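K.L.:
The opening residue of the sequence shown carries number 388 in the working numbering; numbering runs sequentially from there. Handing you this structure, nothing more for now.
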Amino acid sequence: MSGPSLRDEELERYDRQMRIPGFGIEGQRKLKSARVLVAGLGGLGCPASMYLAAAGIGKLVLVDREKVELSNLNRQILYWSSDVGRPKAEVVAEKLARLNPNVDVEALALEINEDNVRELVKKVDVVVDGMDNYKARFLINEACVAYGKPFVHAAIYGLEGQLFTVLPGKGPCLRCIIPSQPPEQDTVPVLGATPGVMAALEVMEVVKLVVGLGRPCVDKLLVFDGHEMKFHEIRVEPSPKCPVCSSLRSREVPPT
Ligand SMILES: [Zn+2]
């Protein structure tokens, strides 16, 4: 058996997920030992951190420097009308503690940048993408590759989303499939349900990775089209020219 023991209250709380074949008490103990970073507490980060807390992740590190705005409320479901003007990190810490007091929540009101990204990534087991820009995503991707940490990426636009998991050394990284920073809009259109769908998929990836269930989304970009209610898969491969991870792979080639 690995991981800390579970109290009666936890056995009851997580009963339904522990019944999943291959999950069990063992899987729940692994979740309790896990440390997950949620980078960004917006449309993706709010539902992702709720599902992660509800699932019983032992430690959640939540990062966002912004304050709640009225225009956030159509999709950032941890913030309610009375929270407008409050720091997101503070609100999230308070609400998640009410959702699941077993979870150790560290909420940081700061911006992820070149100076702090490695420290943040180093101390967790998995990183969840809740960002709204590729500059920050590329920084996180680089740190995750450097420390060998899984990075579960999602992005959304309107009724569309995409999902991809970086497992350093075991598949492409984000820069292999998106080599340069795409043009970005300041204000993207989005229906709240879209990041809800994509955040749920991100959490499914995290739980699978921690517990050891199924296969992660490492060799394909999963694209969700809410207009047509379809998922598409785009095959992806490591790029030999990737500035972030190609050197990692060349080190792993066995001597001939
Ligand atoms: Zn790469």
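Built from N, CA and C at the ideal position, the CB exists for glycine as well. Quantities reported herein were computed from a predicted structural model and do not represent experimental measurements.
Beta-carbon distances below 5 Å to any heavy atom of ligand 1 define the shell here; list its residues in chain order, please.
P.N.:
Those satisfying the condition are, in chain order, 560, 562, 563, 629, 631 and 632.
K.L.:
For residue 512 versus residue 598, is the C-beta distance shorter than 8 Å?
P.N.:
It is not a contact, given that the beta carbons lie outside the stated cut-off.
K.L.:
Check residue 493 in the structure and name its three-state DSSP category.
P.N.:
DSSP places residue 493 in strand when its eight states are reduced to three.
K.L.:
Can you tell me the Cβ-Cβ gap for residue 443 and residue 503, rounded? I've got them flagged as a contact below 8 Å.
P.N.:
So it is not a contact: roughly 27 Å between Cβ atoms.
K.L.:
I'd like the span of the beta strand (DSSP E) that includes residue 422, first residue to last.
P.N.:
Per DSSP, residue 422 belongs to the beta strand (DSSP E) from 422 to 426.
K.L.:
What residue from 552, 495, 620 and 561 has the CA that sits closest to residue 526's CA?
P.N.:
The option with the nearest alpha carbon to residue 526 is 561.
K.L.:
Judging by CA-CA distance, which residue of 429, 458, 421 and 507 is the nearest neighbour of residue 476?
P.N.:
For residue 476, the nearest C-alpha among the options comes from 429.
K.L.:
If you check the beta carbons only, do residue 448 and residue 466 fall under 8 Å apart?
P.N.:
The answer is no: Cβ separation not under 8 Å.
K.L.:
Tell me the DSSP secondary structure of residue 525 in three-state form.
P.N.:
The answer is helix: DSSP assigns residue 525 an H, G or I state.
K.L.:
Within 10 angstroms of the Cβ of residue 567, are there 16 or more other Cβ atoms? Answer buried if so, exposed if not.
P.N.:
By the neighbour-count rule (16 or more Cβ atoms within 10 Å), residue 567 is not buried but exposed.
K.L.:
Compute the Euclidean distance between the alpha carbons of residue 396 and residue 419, then round it to the nearest angstrom.
P.N.:
Approximately 14 Å between the Cα atoms of the pair.
K.L.:
CB-CB under 6 Å to residue 509, same chain, minus the five flanking residues each way: which ones, in chain order?
P.N.:
534, listed in sequence order.
K.L.:
DSSP state of residue 552, grouped into three classes?
P.N.:
Strand at residue 552.
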